[in-house]
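Scroll down for the structure; my scribbles are underneath it.
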Amino acid sequence: MRDRSRVIAGLGVFVVLAALPIWHALWAAGDISRPELELPQDESQCIEDTEFMRNRHQDFLNQWRNAVVRDGETEYTSTAGEIHTMSLTGTCLSCHDNRDTFCTRCHDYANVEPRCWDCHVERGGS
Amino acid sequence: MDESRRKFLKEAGCAALSAGCVFPLLSTACSASGQEETRPASLSSQWAMVVDIRRCLNEEVRRACTEACHREHNVPDIPDPGDEVKWIWSEEYQNVFPDQVHAHTATATREAPVLVLCNHCTNPPCVRVCPTGATWKRDTDGIVMMDMHRCIGCRYCIAACPYGARSFNWRDPRDYIERDESGEIPSDYPTRSKGVVEKCNFCAERIRAGRAPACVEAANGVPEGAGALTFGDAADPASEVSRILRERHTISRRVSLGTEPNVFYIV
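Residue numbers (the working numbering), protein chains in the order written: chain A, 19 to 144; chain B, 21 to 287.
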């Protein structure tokens, strides 16, 4: 095994080269910080608890979607007992009135592409 | 030894043959009885429409209906007939009622324009073929609904519908929706996306708010169009629709197919 040092050096080079995409991504991404979301000015509380909305809003919206489209229901009673109309554009966007600085900013960060806006019409938007 | 082997083979053959014949028959019988059970029982409420063909001979009336509907639901206006999307539109009498014309039917009758839309059948073939449940018959009021979130664009429903009431979005419809004065999409009703099927929904969203369908409202808004379209609950004997169906001679499209349409025509 007199080539031991050369073999180890070769393996090292191989590992560095094979992981090139990782180095490239780390180098190209630059500084990454959590997205800063613009929250509604006039409201302090979302329909449900903020932590719940942040983690589960996708399931929550699916639940609303199924209730409205499949079962013809229109009203949602929150944990706090408030009644809200189940509507993405009517209810959610009445407070979160700029989806670019709220929805999109975080979805870009998380690299998810929801298809809501392919169909749902946003007033004053695209 | 040979004798018993021969006998064994004979009996085994007979058994296999009878099993092969009886089981398919049995399973067919079972599935047939199953289908009978899935046929909808008569609903407590069934929205229906009566179209007075004579009052709809006026072009302005028909145009008002189509424009109101297509504006209300953001239906794109695609010039290529192969790609067009329609919810309510006009067809010639001979194509709407192919089983009502004969060799001597007057040309004026044959070519008379008739408003057509989804029939919201009592026994809808489109619902039967949909593999994802994206279209279904609502058991509260009999509307044949569409859930665009679930439509995978297989177009089985288009093949199944004998009335051509369904359209497929071959392109992104937003490029073809006529914008309003401020350059925005005219209605809040969600547009569709490329790759889904759509059709008339009997204005389910307006009915929910207690309003009449857009086409009915538009027809009544034209002087000649009052009473051209009547909308109501066919299961309610006191409704205007039920009264017309009782008192007038009405027909519906391709009755022999057994789909039981809920759009009726006064000829």
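We put the beta carbon where it would ideally sit given N, CA and C, even for glycine.
Predicted, not measured: the structure shown is a model, and the values here were computed from it.
Pop quiz: residue i and residue j are said to be a contact at Cβ under 8 Å. What is the actual Cβ separation, rounded to whole angstroms?
| i | j | result |
| --- | --- | --- |
| B:Ala-248 | B:Ala-239 | 4 Å |
| B:Met-165 | B:Ala-126 | With a Cβ gap of about 39 Å, B:Met-165 and B:Ala-126 do not count as contacting. |
| B:Val-105 | B:Met-168 | Between B:Met-168 and B:Val-105 the Cβ distance is about 13 Å, and since that is not below 8 Å, they are no contact. |
| B:Ala-261 | B:Thr-279 | Reading the sequence as shown, one finds Val at residue 261 of chain B and not Ala. Their Cβ separation, rounded to whole angstroms, is 18 Å, which puts B:Val-261 and B:Thr-279 out of contact at 8 Å. |
| B:Ala-185 | B:Leu-135 | Wrong, their Cβ atoms sit about 12 Å apart, outside the cutoff. |
| B:Glu-112 | B:Arg-130 | 7 Å |
| B:Ile-172 | B:Thr-152 | 6 Å |
| B:Arg-212 | B:Glu-204 | That belief does not hold up - the Cβ atoms of B:Arg-212 and B:Glu-204 are roughly 17 Å apart, past 8 Å. |
| B:Cys-141 | B:Asn-282 | 7 Å |
| B:Leu-277 | B:Pro-182 | 6 Å |
| B:Ala-88 | B:Glu-237 | 7 Å |
| B:Pro-96 | B:Ile-163 | At roughly 22 Å, the Cβ-Cβ gap does not stay under 8 Å, so B:Pro-96 and B:Ile-163 are not in contact. |
| B:Phe-117 | B:Ile-271 | 7 Å |
Output the distance between the C-alpha atoms of residue i and residue j, rounded to the nearest integer angstrom.
| i | j | result |
| --- | --- | --- |
| A:Ser-112 | B:Cys-235 | 30 Å |
| A:Cys-137 | B:Ser-259 | 36 Å |
| B:Cys-146 | B:Thr-155 | 7 Å |
| A:Phe-32 | A:Asp-89 | 58 Å |
| B:Trp-67 | B:Ala-180 | 22 Å |
| B:Gln-120 | B:Leu-37 | 49 Å |
| B:Val-149 | B:Arg-273 | 20 Å |
| B:Ala-128 | B:Arg-82 | 18 Å |
| A:Leu-35 | A:Ala-128 | 27 Å |
| B:Thr-221 | B:Arg-266 | Before going on, a small fix: residue 221 of chain B reads as Asn here, not Thr. Looking at the two C-alpha atoms, the distance is approximately 25 Å. |
| A:Gly-99 | A:Leu-55 | 27 Å |
| A:Leu-44 | A:Ala-37 | 11 Å |
| B:Asp-192 | A:Ala-46 | 34 Å |
| A:Phe-70 | A:Asn-80 | 14 Å |
| A:Trp-41 | A:Gly-28 | 18 Å |
| B:Pro-257 | B:Val-70 | 15 Å |
| B:Arg-74 | A:Arg-72 | 58 Å |
| B:Lys-157 | A:Gln-59 | 43 Å |
| B:Ser-24 | B:Lys-30 | 10 Å |
| A:Thr-109 | A:Phe-78 | 13 Å |
| B:Ala-39 | B:Arg-175 | 38 Å |
| B:Trp-109 | A:Arg-133 | 30 Å |
| B:Ser-187 | B:Pro-101 | 11 Å |
| A:Pro-39 | B:Pro-144 | 54 Å |
| B:Val-287 | B:Arg-170 | 38 Å |
| B:Asp-159 | B:Asn-139 | 16 Å |
| B:Asn-115 | B:His-90 | 22 Å |
| B:Pro-233 | B:Thr-86 | 12 Å |
| B:Glu-80 | A:Val-87 | 34 Å |
Taking 6 Å as the limit between beta carbons, can you name the residues of its chain near residue i, skipping five residues before and five after?
| i | result |
| --- | --- |
| B:Glu-57 | Only weak support is given to the placement of B:Glu-57: the predicted model assigns it a pLDDT of 46, under 50, and the question is left unresolved by the model. |
| A:Arg-141 | none |
| B:Ser-65 | Asp-161, Asp-253, Ala-255 |
| A:Trp-82 | Met-104 |
| B:Asn-78 | Glu-244 |
| B:Gly-54 | Below a pLDDT of 50, predicted positions are generally treated as unreliable, and B:Gly-54, at 49, falls in that range; no measurement from the model is reported. |
| B:Ile-98 | Glu-104, Tyr-196 |
| A:His-125 | none |
What residues in its chain sit with their C-beta under 7 Å from that of residue i, if we drop five residues either side in the sequence?
| i | result |
| --- | --- |
| B:Trp-190 | Asp-103 |
| B:His-93 | Trp-107, Ser-207, Tyr-209 |
| B:Gly-241 | Ala-84 |
| A:Phe-120 | Leu-55, Glu-56, His-114 |
In chain order, what residues of the same chain have a beta carbon less than 8 Å from the beta carbon of residue i, not counting five sequence neighbours either side?
| i | result |
| --- | --- |
| A:Glu-93 | Ile-101, His-102, Thr-103, Met-104 |
| A:Ala-85 | Glu-91, Tyr-94, Met-104 |
| A:Thr-97 | Glu-66, Asp-67 |
| A:Arg-117 | Leu-111, Trp-135, Glu-140, Gly-143 |
Note the first and the last residue of the continuous alpha helix (DSSP H) segment covering residue i.
| i | result |
| --- | --- |
| B:Pro-145 | 145-149 |
| A:Glu-93 | No alpha helix (DSSP H) contains A:Glu-93, which is instead part of the beta strand (DSSP E) from 93-95. |
| A:Phe-70 | 68-87 |
| A:Arg-123 | 123-128 |
| A:Asp-115 | Run containing A:Asp-115: none; DSSP gives neither H nor E here. |
| A:Asp-136 | 134-137 |
Beta-carbon of residue i versus every beta-carbon of chain D: anything under 8 Å?
| i | result |
| --- | --- |
| B:Met-168 | No chain D is part of this structure, whose protein chains are labelled A and B. |
The beta strand (DSSP E) with residue i in it runs from where to where?
| i | result |
| --- | --- |
| A:Ile-40 | Counting along the chain, A:Ile-40 falls outside any beta strand (DSSP E), though it belongs to the alpha helix (DSSP H) covering 38-47. |
| A:His-102 | 101-103 |
Practice problem: Can you check the segment 157-224 of chain B for any beta strand (DSSP E) of at least 3 residues that lies completely inside it and give the ranges in chain order? | Solution: Correct list: 164-166.
Quiz item: Whole beta strand (DSSP E) runs in the segment 70-152 of chain B with 3 or more residues, listed along the chain?
Solution: Complete beta strand (DSSP E) runs here, min 3: 108-112, 133-137.
Self-check item: Start-end ranges of the beta strand (DSSP E) lying completely within the segment 227-284 of chain B, minimum 3 residues
Solution: 249-253
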